[in-house]
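Have a look at the structure below before the remarks.
There are 2 protein chains.
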Amino acid sequence: MPRIIIPEIIVSRLPVYLRELRHMQVLGKQTTSSQELGEQIGVSAAQIRKDLSQFGEFGKQGTGYNIAFLVEKLTGILHIEHIWDVAVVGMGDMGHAIARYQGFNGRGFRVAMLFDNDPAKVGTIVGKFTIQDSADIIPVIREASIRVAVLCVPVSAAQIVTNDLVQAGVKAILSYSPINLSVPKGVRVQYLDPSIGLQRMTYHL
Amino acid sequence: MPRIIIPEIIVSRLPVYLRELRHMQVLGKQTTSSQELGEQIGVSAAQIRKDLSQFGEFGKQGTGYNIAFLVEKLTGILHIEHIWDVAVVGMGDMGHAIARYQGFNGRGFRVAMLFDNDPAKVGTIVGKFTIQDSADIIPVIREASIRVAVLCVPVSAAQIVTNDLVQAGVKAILSYSPINLSVPKGVRVQYLDPSIGLQRMTYHL
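Chain order of the listed sequences is A and B. If you use our numbering, the first sequence corresponds to residues 6 to 210, in order. If you use our numbering, the second sequence corresponds to residues 6 to 210, in order.
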């Protein structure tokens, strides 16, 4: 079956649905409705129903959604049924925070290797890992078949490191560097720039 | 003049335009086109023109945009002509990273105070600030008239701290806690959850 192209705006909401559904599971809930889910995350019930209908029939009129079933479906849709190994590049404050971040547990990701180009940091241990030399990014990541990376380097190094990651075979880069990165088709970047997040709110203040 | 309601999706792109325009300024450029800007950030030229046209006439057919003028306009639209003081709550790894983050410079924000509820951390110094007791959030933030906060606390504390921030008068919360927060009307939350960012990409892998 050919894969239907789903608008990016819908794709971007699915992880938010999944996070809330898992939270409901933790609270012991078994079923929910688009109404209830929407209230929790600030999305309309109609939007949720429309988004999910892109992928099939997940709920029943009147009885709502079985949470475990929907979690399983969304997990499959987002390709996080297995755990992705993640390379973290740039071991400043943010890199350290990511290396020790507990929030990847059960959400499809696991930090697998750390890189920095500072000789004073290379060889030191953070959490369970020894920081490796950024000069070795291409062979080491290629050897490990890692497809996902988190970029925590300064702006000045961000594009150069990105080029190395792309050459190493990385297809998804989460960037904490506040600069727009150029990547070839087939490689994706998501930005986590706190100033952008804040500016989206000060517009309304 | 009554303020026109601009769709959130457009608002969310403005900071990205601004970031790239400022980057162009650093590179010494004086003018740009919707085409060039779009190529840098992966948005179509038509989309950029349409987004900006919501706020007036910023470019001229044939000559493009004056970058300095557009930067000034966007800075005004996003209400970052003056600098917002920011309170950071939760001084774990992520809180430390935010407290020392250099990327707020020139982007409208400045860390102004730090809080934690751990007696071992309260009173210690991070960067230029002494960590204050989270128990004092409401009076201290209210006294300083702070409207913007960054939340770096564990999931278990996130809603409780959010309630305190709201009571203190905070109107914009940037949350690193991977949980959906309930806030009253008039208060905004943006989430920076690395797992969400990664899941938006693994969908395509």
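Positions of the beta carbon are idealized from the N, C-alpha and C atoms, including for glycine. Only a predicted model underlies this, so the values are computations on that prediction, with no experimental measurement involved.
Counted within 10 angstroms of its Cβ, other Cβ atoms place residue i as buried (16 or more) or exposed
i: B/Leu32; result: exposed
i: A/Met6; result: Low confidence applies to A/Met6: its pLDDT is 47, below 50, so where it sits in the model is not reliable, and the reading given next is rough at best. Counting Cβ neighbours within 10 Å, A/Met6 comes out exposed, since fewer than 16 surround it.
i: B/His101; result: buried
i: B/Gly144; result: In the sequence as displayed, the identity of residue 144 of chain B is Pro instead of Gly. So B/Pro144 counts as exposed.
i: B/Ala51; result: exposed
i: B/Gln45; result: buried
i: A/Ala173; result: buried
i: A/Thr68; result: exposed
i: B/Thr247; result: Only positions 6 to 210 of chain B appear in the structure, and residue 247 of chain B is not among them; the question remains open.
i: A/Phe74; result: exposed
i: A/Ser39; result: buried
i: B/Ala125; result: exposed
i: A/Asp123; result: exposed
i: B/Thr129; result: exposed
i: B/Asn110; result: exposed
i: A/Lys78; result: buried
i: A/Arg112; result: buried
i: B/Pro199; result: buried
i: A/Arg205; result: buried
i: B/Ala140; result: exposed
i: A/Gln107; result: exposed
i: A/Gly43; result: buried
i: A/Glu25; result: buried
i: A/Gly47; result: exposed
i: A/Ser180; result: buried
i: B/Ile85; result: buried
i: B/Ile184; result: buried
i: A/Ile165; result: exposed
i: B/Ile53; result: buried
Simplified DSSP assignment, three categories, for residue i
i: B/Phe109; result: coil
i: A/Phe114; result: strand
i: A/Met206; result: helix
i: A/Val175; result: coil
i: B/Tyr196; result: strand
i: B/Ser17; result: helix
i: B/Met6; result: Since pLDDT at B/Met6 reaches only 47, below the 50 mark, its modelled position is unreliable, and no value is offered.
Integer-rounded CB distance, given that residue j should sit under 8 Å from residue i
i: A/Ile72; j: A/Thr36; result: 6 Å
i: B/Val192; j: B/Val171; result: 5 Å
i: B/Lys176; j: A/Leu210; result: 6 Å
i: A/Leu23; j: A/Val91; result: The Cβ separation is near 18 Å, so there is no contact.
i: B/Ile151; j: B/Asp169; result: In fact, because the Cβ distance is near 12 Å, the residues do not count as touching under 8 Å.
i: B/Ile178; j: A/Val21; result: That belief does not hold up - the Cβ atoms of B/Ile178 and A/Val21 are roughly 16 Å apart, past 8 Å.
i: B/Ala149; j: B/Ala104; result: B/Ala149 to B/Ala104, Cβ: 16 Å. No contact.
i: B/Ala163; j: B/Ser187; result: The Cβ separation is near 10 Å, so there is no contact.
i: A/Ile82; j: A/Phe60; result: 6 Å
i: A/Ile146; j: A/Leu119; result: Actually they do not touch by this definition, with Cβ atoms about 12 Å apart.
i: A/Met96; j: A/Val131; result: 6 Å
i: B/Val155; j: A/Tyr208; result: Contact flag wrong, Cβ pair sits at about 17 Å.
Proximal residues of chain B, C-beta to C-beta of residue i below 8 Å
i: A/Tyr113; result: Here the sequence assigns Gly to residue 113 of chain A, which means Tyr is not the residue at that position. Within chain B, the residues near A/Gly113 are Ser200, Leu203, Gln204 and Thr207.
i: A/Arg24; result: Pro183, Ile184, Asn185, Asp198, Ser200 and Ile201
i: A/Gln10; result: With the sequence shown as reference, residue 10 of chain A is identified as Ile, and Gln is not the correct amino acid for it. Neighbours of A/Ile10 on chain B: none; closest Cβ ~11 Å, over 8 Å.
i: A/His28; result: Ile184 and Asn185
i: A/Leu156; result: Chain B residues near A/Leu156: none, gap ~11 Å exceeds 8 Å.
i: A/Ile85; result: Gln204 and Thr207
Any non-hydrogen atom of the ligand ATP closer than 8 Å to residue i Cβ
i: B/Gln45; result: Inclusion of the ligand ATP in the displayed structure is not the case, the ligand content being empty and no account of it being possible.
Under 9 Å by beta carbon: chain B residues contacting residue i
i: A/Ala92; result: Here the premise fails: no neighbours, minimum Cβ distance about 12 Å.
i: A/Val153; result: Leu203, Met206, Thr207 and Leu210
Proximal chain A residues relative to residue i, where beta-carbon distance stays under 7 Å
i: B/Phe109; result: Ser200
Per-residue contacts from residue i into chain B (C-beta, under 7 Å)
i: A/Lys176; result: Leu210
i: A/Ser17; result: Arg205
i: A/Ile130; result: What A/Ile130 touches in chain B: nothing, since even the nearest Cβ is about 15 Å away.
i: A/Val21; result: Ile201
i: A/Arg147; result: Ordered by position in chain B, no residue passes the 7 Å Cβ test against A/Arg147, which lies about 16 Å from the chain.
Within chain A, partners of residue i - CB distance below 9 Å
i: B/His101; result: Asp98, His101 and Ala102
i: B/Leu170; result: Per Cβ cutoff of 9 Å: no residues; B/Leu170 is ~13 Å from chain A at best.
i: B/Gln59; result: None at all; the shortest Cβ gap to chain A is about 12 Å.
Under 8 Å by beta carbon: chain A residues contacting residue i
i: B/Leu82; result: Checking the sequence shown, residue 82 of chain B turns out to be Ile, not Leu. Ordered by position in chain A, the residues that pass the 8 Å Cβ test against B/Ile82 are Tyr208.
i: B/Leu179; result: Pro199, Gly202, Leu203 and Met206
i: B/Ile46; result: Asn185
i: B/Gln195; result: Gly202, Leu203, Arg205 and Met206
i: B/Arg105; result: Asp98
Whole beta strand (DSSP E) elements within the stretch 120 to 167 of chain B, 3-residue minimum: Counting whole runs of 3 or more residues, the stretch 120 to 167 of chain B contains the beta strand (DSSP E) stretches 134 to 138 and 153 to 156.
Start-end ranges of the beta strand (DSSP E) lying completely within the stretch 26 to 98 of chain B, minimum 3 residues: Listed in chain order, they are 69 to 71 and 89 to 94.
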